[in-house]
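Novice: One structure coming up, written as structure tokens, with questions to follow.
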Amino acid sequence: MGVLAFRDAAHLVSRTGLGAEWDSIKQLEGRERQNAVERVLLTPAAPLKPAPAMTPWFKLEPMRLNDMKSRNSAWSIAQNEGKRLQAWWVEQMLTTNTPFVERMTLFWHNHFTSSIQKTLQPSLLYQQNLLLRKHALGRFGDLLHAIARDPAMLVYLDCYQNTKDQPNENFARELLELFTVGRGQYRQSDVQAAAKAFTGWGVDNNTGKFVMRTAHHDGGGSAFLGKTGNFSGDDVINILLAHPRTAERITEKFWLAFVSNQPKPAVVSAWAQQFRQSGYDIKTLMRTLLNSEDFWAEQNRGTLVKSPVELVIGTVRMIPYPRESTPEMLNLCRLLGQELFDPPNVKGWTGGDNWINTQTLLVRNAYLAKLSRGNLNENVATNLKLPAAPDEQLVEWMLPVKPLKPLPTIPGARRLVRSLLLDPAFQVS
Numbered sequence: 008m009g010v011l012a013f014r015d016a017a018h019l020v021s022r023t024g025l026g027a028e029w030d031s032i033k034q035l036e037g038r039e040r041q042n043a044v045e046r047v048l049l050t051p052a053a054p055l056k057p058a059p060a061m062t063p064w065f066k067l068e069p070m071r072l073n074d075m076k077s078r079n080s081a082w083s084i085a086q087n088e089g090k091r092l093q094a095w096w097v098e099q100m101l102t103t104n105t106p107f108v109e110r111m112t113l114f115w116h117n118h119f120t121s122s123i124q125k126t127l128q129p130s131l132l133y134q135q136n137l138l139l140r141k142h143a144l145g146r147f148g149d150l151l152h153a154i155a156r157d158p159a160m161l162v163y164l165d166c167y168q169n170t171k172d173q174p175n176e177n178f179a180r181e182l183l184e185l186f187t188v189g190r191g192q193y194r195q196s197d198v199q200a201a202a203k204a205f206t207g208w209g210v211d212n213n214t215g216k217f218v219m220r221t222a223h224h225d226g227g228g229s230a231f232l233g234k235t236g237n238f239s240g241d242d243v244i245n246i247l248l249a250h251p252r253t254a255e256r257i258t259e260k261f262w263l264a265f266v267s268n269q270p271k272p273a274v275v276s277a278w279a280q281q282f283r284q285s286g287y288d289i290k291t292l293m294r295t296l297l298n299s300e301d302f303w304a305e306q307n308r309g310t311l312v313k314s315p316v317e318l319v320i321g322t323v324r325m326i327p328y329p330r331e332s333t334p335e336m337l338n339l340c341r342l343l344g345q346e347l348f349d350p351p352n353v354k355g356w357t358g359g360d361n362w363i364n365t366q367t368l369l370v371r372n373a374y375l376a377k378l379s380r381g382n383l384n385e386n387v388a389t390n391l392k393l394p395a396a397p398d399e400q401l402v403e404w405m406l407p408v409k410p411l412k413p414l415p416t417i418p419g420a421r422r423l424v425r426s427l428l429l430d431p432a433f434q435v436s
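Dropping the structure here:
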């Protein structure tokens, strides 16, 4: 496999972190590829910032009774506390020394979506974020079982209202369609059977914790994906984990997030088989992916559009320009289509090329231009400390492919870095 050249190390850091940070690249440069990957995978998670101040729990009953006064009050509190929660995560991403953990948490946040607008429960979303962190590089099966008991998810997908007298299929449907096997692998009768298995799974109205209400559970027999029995929710999850398509869909999603926008079915299938054989060990899947020839292939570099979080937060982690305030950064992410803890729907952010349209491209360019605006005269003292490196290496640092615009003819690192920042190639990784 050989050792990593500077641009290879930059590729690994960019794809697994938040911004191609110079120091991180230099730490990996010259290492054997496998050794560098292990360094990324095995770095212990950094301590978390203290939790933001939030109301522990809003009782669900007033909302279920359509008590508009209580609901409006809860909505107002949730909006204010939601902003604190969003700011907490932005600050964590800005200051952490283990950005890979944040990137993986964000990946699962977009797979198992829940939102402030639907739940009105920022404190529960904070707990969900901790859960995603805990399992981010663990076993997918453990994560799936845990998320099915997660109070924010139970509220977001209405599973807390799922009883034998009034079945609610929302969670069961998304469990099959989005979280595991996907469309075409099940029938409506399977959704109904899954919903039946999860009846009684709810949230304690006084504590906001998961509770199993056996009196509301329908324990009768049913057929689910070709199997029959008196299934519990855990039984349904185990059947889904045994289905080959679950591993394939998760693996494909990893490819789209870390390799390119064009998965290779045969490679995805092989990786998925290894993933299942490992007991759905996420770290094993990432190890396979990051050591693969497809990850390092030239044709797959510069193929992933940076998400708003990568662009807004990753850029200031990468280059020491004076940063915007946290509320301004949150607003920028919102304008660019990625509001933390508030994905657009249960499918999450589509990502990829969908991050770019005529409106968001203008906002992206305006942000980068504003961030880098200032005196470009190299003889004028500023606090901007750029790496002392040849121009060629600065280009490799900032762009995954060759610049699409001509480089400045006037020499100087500040001017070159700003030119590269405004090059369209900076928008991809």
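Numbering (the numbering used here), first residue to last: 8 to 436.
C-beta: ideal position from N, C-alpha, C; glycine also.
Do residue 102 and residue 109 have their C-beta atoms closer together than 8 Å?
Specialist: no
Novice: Could you check where the alpha helix (DSSP H) with residue 229 kicks off and where it finishes?
Specialist: Element bounds for residue 229: not the alpha helix (DSSP H) but the beta strand (DSSP E), 229-231.
Novice: Ordered along the chain, which non-local residues of its own chain (more than five positions away) have a Cβ less than 8 Å from that of residue 401?
Specialist: 393, 394, 420, 423, 424 and 427
Novice: Applying the 10 Å Cβ sphere with the 16-neighbour rule, what's the burial state of residue 346?
Specialist: Residue 346 counts as buried, since at least 16 other C-beta atoms from the protein chains shown sit within 10 angstroms of its C-beta.
Novice: In whole angstroms, what is the alpha-carbon distance linking residue 362 and residue 340?
Specialist: Computed Cα separation, rounded: 11 Å.
Novice: Starting from the C-beta of residue 20, find all residues in its chain whose C-beta is less than 7 Å away, skip the five residues before and the five after it, and write them out in chain order.
Specialist: Once the five neighbours on either side are set aside, the close Cβ partners of residue 20 are 27, 28, 31, 32 and 35.
Novice: Output the distance between the C-alpha atoms of residue 381 and residue 348, rounded to the nearest integer angstrom.
Specialist: Looking at the two C-alpha atoms, the distance is approximately 34 Å.
Novice: Confirm, please, whether the CB-CB distance from residue 289 to residue 113 is below 8 Å.
Specialist: no
Novice: What residue range is occupied by the uninterrupted alpha helix (DSSP H) comprising residue 258?
Specialist: First-last of the alpha helix (DSSP H) with residue 258: 251-265.
Novice: Kindly indicate the opening and closing residues of the beta strand (DSSP E) around residue 210.
Specialist: 208-210
Novice: Are the beta-carbon atoms of residue 187 and residue 253 separated by less than 8 Å?
Specialist: At the C-beta level, residue 187 and residue 253 come within 8 Å of one another.
Novice: For residue 379, which of 410, 133, 319 and 292 has the nearest alpha-carbon?
Specialist: 319
Novice: How long is the line joining the alpha carbons of residue 326 and residue 246, rounded to whole angstroms?
Specialist: Those two C-alpha atoms are separated by around 48 Å.
Novice: Specify the secondary structure class of residue 380 as computed by DSSP and reduced to three states.
Specialist: Residue 380: coil per DSSP, three-state reduction.
Novice: For residue 417 and residue 273, I'd like the C-alpha separation in whole angstroms.
Specialist: Near 49 Å, if we compare the C-alpha coordinates of residue 273 and residue 417.
Novice: State the Cα-Cα distance for the pair residue 214 and residue 409, rounded to the nearest angstrom.
Specialist: Roughly 56 Å between the two C-alpha positions.
Novice: Whose C-beta lies closer than 8 Å to the C-beta of residue 429 among residues of the same chain, with five residues either side of it excluded?
Specialist: 372, 375, 376, 379 and 412
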